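Numbered as in my numbering, the sequence shown ends at 545 without a single skipped number.
Just so it is clear, CB atoms sit at the ideal spot from N, CA and C, and this is done for glycine as well.
All values derive from a computational prediction rather than experimental measurement.
Shown next, in structure tokens, is the structure this report addresses.
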Amino acid sequence: MTAPANPAPATPASFDPASATIVIVTFNRSGLLTRALTSIGTMDPKPGRVVVIDNASVDDTTEVVESLREQLGTELVYRRLETNTGGAGGFSAGMETAYELGSEWIWLMDDDVEVLPDGLARMGAWTPRFRHIQGRRYDYDGSEFYWQYRVSTSLGIPIPFAPAGFDESGYREMNSGCFEGMFIHRSLVQKLGLPDPRFFIYWDDTIYGYLASRHEPCVIVDEFVLQRTREIKQWDMGTRHLNASSDTYRYYIMRNRGIMAHYYRAHGDYRPFAFAVGTAATFAKELIRLGFVERKVTKTGWNNLWRGMRDAWRLSRDKNFEIMAPLAQ
217 MTAPANPAPA
227 TPASFDPASA
237 TIVIVTFNRS
247 GLLTRALTSI
257 GTMDPKPGRV
267 VVIDNASVDD
277 TTEVVESLRE
287 QLGTELVYRR
297 LETNTGGAGG
307 FSAGMETAYE
317 LGSEWIWLMD
327 DDVEVLPDGL
337 ARMGAWTPRF
347 RHIQGRRYDY
357 DGSEFYWQYR
367 VSTSLGIPIP
377 FAPAGFDESG
387 YREMNSGCFE
397 GMFIHRSLVQ
407 KLGLPDPRFF
417 IYWDDTIYGY
427 LASRHEPCVI
437 VDEFVLQRTR
447 EIKQWDMGTR
457 HLNASSDTYR
467 YYIMRNRGIM
477 AHYYRAHGDY
487 RPFAFAVGTA
497 ATFAKELIRL
507 GFVERKVTKT
517 GWNNLWRGMR
527 DAWRLSRDKN
537 FEIMAPLAQ
């Protein structure tokens, strides 16, 4: 289904589209990557640069990138990693690459989205006010996707009843982040450092957004700028959805709670009892996901949850663990 069109905004003179870099992380999905890059080729205005981080794909990703280089209409930087570092490692490498190239604005996204033609103009319209901006996304079927933009810091979990609507301001403050559409200024990246690649997958963007919100207001804006191009099995609960997952995700959802604890502790926000309640709620949510979305509760799925929780406990007690440091000026 085609997403409804938005009336085009005026891009403020203070925002230079050429100062922005789109970072796409991909892994063995050259077909989806083709659609993502093709959509960038139709953007007006276009970003000054596109960075593709290839997580050691074994399909024809390299050939696809080279075949689209000329028609993209902007500079394309392709970086193939030696091993699959997961989404966390890919976005960390992408942020690092864009930052070292001198990008003022960095727009992160996965390979399973298309950028709407006026997407950059819509994000740029908010840059005079904010330095960490999240746009909205249409789901695969053209419906409006709801992202849980508020997190309970004490529990360490998203707040599912955070309002979905927007008032006349056109934005809501958030204390989380989502690497599928995060639009962030280099000055804030310098303060935060790079995303932590040790997460591999899950909670990495949540923590990065939490860190950003400690420095200044961060917002999700009522601007549709992306559309998902991959259908995902989900449980429709009205405004909110619960997507299908995998055993690998289930392990890291639990295991990475141990890394989260270190970040909260380092900033004085770690509440052991409340965080344990949040961990139990996360475990229960994954059981619900297994039963109601995937309609199966397998031994493998159950074991990955328990194994992840065991490793999280060990990680949280690792006295040698250090959080990511700010970037050198």
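Query raised in the report: Out of Leu-521, Lys-262, Ala-309 and Asn-244, which has the shortest C-alpha to C-alpha gap to Thr-277?
Result: Asn-244
*Please determine, among Ala-378, His-348, Asp-463 and Leu-249, the residue with the shortest C-alpha to C-alpha distance to Tyr-362.*
Ala-378
Using the Cβ count rule (16 or more neighbours within 10 Å means buried), how would you classify Gln-406? exposed
Boundaries of the alpha helix (DSSP H) in which Arg-473 is found, first to last residue: 473-482
Handout entry: CB-CB length for Tyr-365 against Arg-388, believed under 8 Å
Key = 6 Å
Consult DSSP for Asp-326 and reduce its assignment to one of helix, strand or coil.
strand
Could you have a look at Trp-321 and say whether DSSP puts it in helix, strand or coil?
strand
Could you name each continuous beta strand (DSSP E) segment of 3 residues or more that falls completely within the stretch 343-414, going from the start of the chain to the end? 348-354, 387-390 and 398-401
For the beta strand (DSSP E) containing Phe-295, name the first residue and the last one. Sequence inspection shows Arg at residue 295; the Phe mentioned does not correspond to that position. Segment 291-296, the beta strand (DSSP E) holding Arg-295.
Item to check | For Arg-338 and Val-441, believed in contact at Cβ under 8 Å, the rounded distance | outcome: 5 Å
| said: Could you check whether the stretch 393-405 touches the stretch 308-328, counting it as contact only if at least three pairs of C-beta atoms, one from each stretch, sit closer than 8 Å? | reply: yes
Problem - Whether Arg-444 touches Tyr-354 by CB criterion (8 Å) - result: yes
### Query
When we look at the beta-carbon of Gln-287 and count the other beta-carbons within 10 Å, is it buried (16 or more) or exposed?
exposed
Q) Would you call Asn-536 buried or exposed, if buried means 16 or more other Cβ atoms sit within 10 Å of its Cβ? A) exposed
query = Cα-Cα, which of Arg-296, Asp-463, Phe-416 and Glu-291 is closest to Ser-273?
reply = Arg-296
Checklist entry - Residue range of the alpha helix (DSSP H) that Thr-278 falls in? => result 277-284
Checklist entry - From Ala-496 to Arg-473, what distance separates their C-alpha atoms? => result 11 Å
| chain D within 8 Å of Gly-257, Cβ atoms only | No chain D is present in this structure, which holds just one protein chain.
Requested in this report: Below 6 Å CB to CB, which residues in the same chain sit around Asp-463 once its five sequence neighbours on both sides are set aside?
Outcome: Thr-516, Gly-517 and Asn-520
Worksheet entry | 8 Å Cβ cutoff met for Phe-499 and Asp-438 | no
- Message: To the nearest angstrom, how far is the alpha carbon of Pro-333 from that of Thr-290?
- Response: 14 Å
**Prompt:** Should Ile-349 and Gly-310 be called a contact, given that it needs their Cβ atoms to be closer than 8 Å?
**Reply:** no
*Please work out which residues of its chain come closer than 8 Å, Cβ to Cβ, to Arg-251, disregarding the five sequence neighbours upstream and downstream, and give them in chain order.*
Glu-330 and Thr-445
- Query: Where does Asp-421 land, buried or exposed, given buried means 16+ other C-beta within 10 angstroms?
  - Reply: buried
- Message: Ser-308 and Pro-376 - do their beta-carbons sit closer together than 8 Å?
- Response: no
Considering only the beta carbon of each residue, do Ile-423 and Met-476 sit closer than 8 Å? yes
Q. Hey, quick one: how far does the beta strand (DSSP E) through Glu-432 stretch, first residue to last?
A. Unbroken run through Glu-432: none, as it is neither H nor E.
Query raised in the report: For Arg-530, does the three-state DSSP call read helix, strand or coil?
Result: helix
Problem set entry | Simplified DSSP state of Asp-270, which is helix, strand or coil | strand
Return the chain-ordered list of same chain residues with a C-beta closer than 7 Å to the C-beta of Pro-413, the five sequence neighbours on each side being excluded. Thr-301, Ala-304, Gly-305 and Ser-308
**Asked** Is it right to say Thr-455 is buried, meaning 16 or more other beta carbons lie within 10 angstroms of its own, or is it exposed?
**Response** Any reading at Thr-455 is ruled out, since the residue's pLDDT is 49, under 50, leaving its predicted position unreliable.
| In DSSP terms, what Thr-242 is bridged to | Asp-270
Whole-angstrom distance between Gly-524 and Ala-224, CA atom to CA atom: Low local confidence applies: a pLDDT of 45 at Ala-224 is under 50, so the model's placement there is unreliable, and no value is given.
field: Contacting residues, own chain, Cβ-Cβ under 8 Å from Leu-249 (five flanking each side not counted)
entry: Ile-240, Thr-242, Val-268, Thr-277, Val-280, Val-281 and Asp-327
Notebook entry, point to check: What do you get for Met-453, buried or exposed, if any count of 16 or more other CB atoms within 10 angstroms of its CB means buried?
Noted result: Residue placement at Met-453 is poorly supported in this model, since its pLDDT is 49, which falls under 50; the coordinates still yield a value, given next. So Met-453 counts as exposed.
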